[in-house]
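Accompanying notes for the structure given below.
Written out as structure tokens, the structure reads:
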């Protein structure tokens with residue numbers, strides 16, 4: 020009478036298959052751990068170099084506390100407002116004034132949106148379409164609103180193009196002139212008697 024030594028009596032070929040299967044599972048697990056550690060190292064190295072990975076795949080491979088720290092810090096940086104020491108010299112509104120914290124170039128460069136909203140309120144189809152320059156858009160607005168003074172439109176385009184296409188910074192006095200120009204444009208758009 021022969022006694023079984025093993026609970027499962029496997030042939031040598033079957034033992035080889037079991038060994039290969041267990042080995043391949045172990046290799047896959049080790050490879051997954053290695054890849055995760057490499058990605059984690061890459062994110063940490065990138066953060067030290069000043070690079071923030073917005074790719075969620077990289078962030079998900081970090082521990083919860085590290086991921087929370089990174090996302091919290093990134094949000095805090097987005098909310099920080101940098102104001103130079105001599106604000107007016109660098110195109111910022113001076114502290115303690117109504118323009119405090121306003122970056123003149125950015126405000127001027129985004130001002131077309133206000134004009135577009137005023138024009139669309141009167142003529143809904145009058146929107147700045149993709150590919151159309153702001154200069155061409157202002158010319159189109161002039162066609163629809165004939166009371167718009169040409170010199171005011173030219174002043175606006177000059178301010179806008181200087182803000183977008185030069186490195187020149189604006190002073191507070193120039194910015195106030197710009198605001199007056201925009202207000203004049205909007206008044207003419209809102210109260211043009213030729214548009215019904």
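Numbering (this note's numbering), first residue to last: 20 to 215.
Each residue gets a CB set at the ideal place from its N, CA and C atoms; glycine is no exception.
Here the alpha carbon of residue 197 sits roughly 26 Å from the alpha carbon of residue 143. Judged by DSSP secondary structure, residue 200 falls within the alpha helix (DSSP H) whose first and last residues are 191 to 209.
Each residue's CA atom was taken as its position, placing residue 157 and residue 176 some 8 Å apart. Here residue 207 is buried. Its C-beta has 16 or more other C-beta atoms within 10 Å.
Annotation: residue 139 to residue 180 spans about 22 Å, alpha carbon to alpha carbon.
Between residue 202 and residue 134, the gap from beta carbon to beta carbon reaches 7 Å or more.
Contact annotation: residue 118 and residue 191 have beta-carbon atoms nearer than 7 Å. Per the DSSP secondary-structure output, residue 112 pairs in a beta bridge with 119.
With a cutoff of 7 Å on beta-carbon distance, residue 124 and residue 110 are scored as near each other. With fewer than 16 neighbouring CB atoms inside 10 Å of its own CB, residue 184 falls in the exposed class. Collapsing the DSSP output to three states places residue 164 in coil.
In summary, residue 130 is buried, with 16 or more beta-carbon neighbours lying within 10 Å of its beta-carbon over all protein chains present. For residue 142, there is no enclosing alpha helix (DSSP H), as DSSP marks it with neither H nor E. The three-state secondary structure of residue 213, taken from DSSP, is coil. Collapsing the DSSP output to three states places residue 186 in coil. DSSP, read as helix, strand or coil, puts residue 58 in helix.
Considering only 172, 42, 47 and 126, the residue with the shortest C-alpha distance to residue 155 is 172. DSSP places residue 132 within a helical segment (H, G or I) once states are collapsed to three. One Cα belongs to residue 145, the other to residue 194, and the distance between them is close to 27 Å.
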